[in-house]
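Per the working numbering: the sequence shown ends with 383, consecutive numbering throughout.
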Amino acid sequence: MLDRFTHLFRLRTVVEQGSIRKATEVLTVTQPALSRSIAQLEAHFGKPLLVRHSKGVVPTEFGKRVLASADRLSRHWAQEESDLETFGHSIAGRLRLRAGPLWRTVLLPRVVTQLQREFPRLVVEMESGGFDRTIPDLMEGHTDVVFGGVHVADGPERRLIRREFTVVHDRVVAREDHPIFAECKDGELSDAARVLDYPWIVYTADAVYELQTIHATIERLGAPPDIRIRSESLIATLGFLQNGDYLCVLPENAVVGITAPRILTVPVALGHRTIRSGALYREEMADWPPLKRLLALSQEHVEALGP
Numbered sequence: 077m078l079d080r081f082t083h084l085f086r087l088r089t090v091v092e093q094g095s096i097r098k099a100t101e102v103l104t105v106t107q108p109a110l111s112r113s114i115a116q117l118e119a120h121f122g123k124p125l126l127v128r129h130s131k132g133v134v135p136t137e138f139g140k141r142v143l144a145s146a147d148r149l150s151r152h153w154a155q156e157e158s159d160l161e162t163f164g165h166s167i168a169g170r171l172r173l174r175a176g177p178l179w180r181t182v183l184l185p186r187v188v189t190q191l192q193r194e195f196p197r198l199v200v201e202m203e204s205g206g207f208d209r210t211i212p213d214l215m216e217g218h219t220d221v222v223f224g225g226v227h228v229a230d231g232p233e234r235r236l237i238r239r240e241f242t243v244v245h246d247r248v249v250a251r252e253d254h255p256i257f258a259e260c261k262d263g264e265l266s267d268a269a270r271v272l273d274y275p276w277i278v279y280t281a282d283a284v285y286e287l288q289t290i291h292a293t294i295e296r297l298g299a300p301p302d303i304r305i306r307s308e309s310l311i312a313t314l315g316f317l318q319n320g321d322y323l324c325v326l327p328e329n330a331v332v333g334i335t336a337p338r339i340l341t342v343p344v345a346l347g348h349r350t351i352r353s354g355a356l357y358r359e360e361m362a363d364w365p366p367l368k369r370l371l372a373l374s375q376e377h378v379e380a381l382g383p
């Protein structure tokens with residue numbers, strides 16, 4: 077088993093370097109030894125792992141799958157090794173998170189802070205990253221848990237565990253002293269078309285928000301909104317809303333706790349998308365204490381925010 081790990085590590089280096097010759101310089105092994113490692117792996121799996129061409133080598137499709145599995149195993153081994161080295165002491169190691177804007181900005185800061193009080197030697201890395209790489213990176217062990225929408229098509233992701241924490245509702249929002257609230261009667265905006273009289277912000281971290289903003293007003297009111305600002309930053313978007321007469325479609329949870337002035341939902345039937353939100357993680361990570369506690373704290377925090 078350990079020999080096979082060595083061969084897989086060598087395969088990874090060959091692919092990264094693009095040639096066996098360059099990989100020998102990095103690994104400080106002879107070219108025949110490196111070629112034997114590749115040959116043993118190919119004999120074990122019964123399929124070629126590399127395609128050789130004039131400029132070097134590239135992985136076959138099966139070779140890419142082997143490398144992805146090797147990356148995942150490497151991450152799991154590193155985690156277990158760290159746990160063994162710190163046995164009897166506070167758990168150390170590295171927890172790599174990827175999170176959508178709502179989780180990254182509103183929900184996780186308090187949760188991660190509490191987590192590190194309980195695991196003071198734990199290093200937490202948080203990043204955003206495009207969705208096109210999120211699932212492959214999770215499967216290959218480049219990230220440990222993803223927070224955000226939990227709808228993933230069936231496929232090789234079957235080794236992932238989905239845990240839903242909440243349903244996020246998108247709403248039209250504005251600051252509490254926005255003039256549009258003076259036009260509300262009995263909990264409803266008296267004339268929905270009045271939203272067209274104010275400038276709009278489009279939150280661009282998710283392309284769906286621009287489509288939703290434009291299509292909702294055209295479908296309901298027959299005209300597009302007056303978009304004055306496009307912002308991919310949630311913090312900047314909230315700041316604009318607090319300081320101007322802007323309207324914007326945002327997740328309701330994104331404005332919880334915002335004060336001076338507060339940001340409130342405008343009672344108009346526009347932008348009512350709902351998203352199931354939670355966490356995705358690999359099965360082999362499920363029993364790791366820092367991740368288990370992170371998920372428990374996330375559930376507690378979401379429940380404290382209320383429906």
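Glycine included, C-beta positions come from ideal geometry on N, C-alpha and C.
### Message
What residue range does the alpha helix (DSSP H) around residue 291 cover?
### Response
283 to 297
### Query
Among 280, 282 and 304, which residue has its Cα nearest to the Cα of residue 273?
304
### Task
Using 10 angstroms around the beta-carbon of residue 249, count the other beta-carbons present and answer buried if the total reaches 16, otherwise exposed.
buried
### Query
So what's residue 353 in DSSP terms, helix, strand or just coil?
strand
### Query
DSSP state of residue 271, grouped into three classes?
helix
### Task
Hey, could you find the ends of the beta strand (DSSP E) residue 341 is sitting in?
339 to 341
### Message
Could you tell me which whole alpha helix (DSSP H) segments of length 4 or greater appear in the region 163 to 212?
### Response
184 to 194
### Message
Given 8 angstroms as the limit, tell me if residue 352 has its C-beta closer than that to any heavy atom belonging to the ligand ZN.
### Response
Ligands are entirely absent from the displayed structure, and the ligand ZN is therefore not among its contents.
### Query
Does DSSP classify residue 253 as helix, strand or coil?
coil
### Query
In chain order, what residues of the same chain have a beta carbon less than 6 angstroms from the beta carbon of residue 370, not counting five sequence neighbours either side?
191
### Message
Would you say residue 222 lies against chain C (beta-carbon separation less than 9 angstroms)?
### Response
Of the protein chains in the structure, only one exists, and it is not chain C.
### Message
Considering Cα atoms alone, identify which of 356, 124, 129 and 198 is closest to residue 136.
### Response
124
### Task
Output the distance between the C-alpha atoms of residue 241 and residue 187, rounded to the nearest integer angstrom.
14 angstroms
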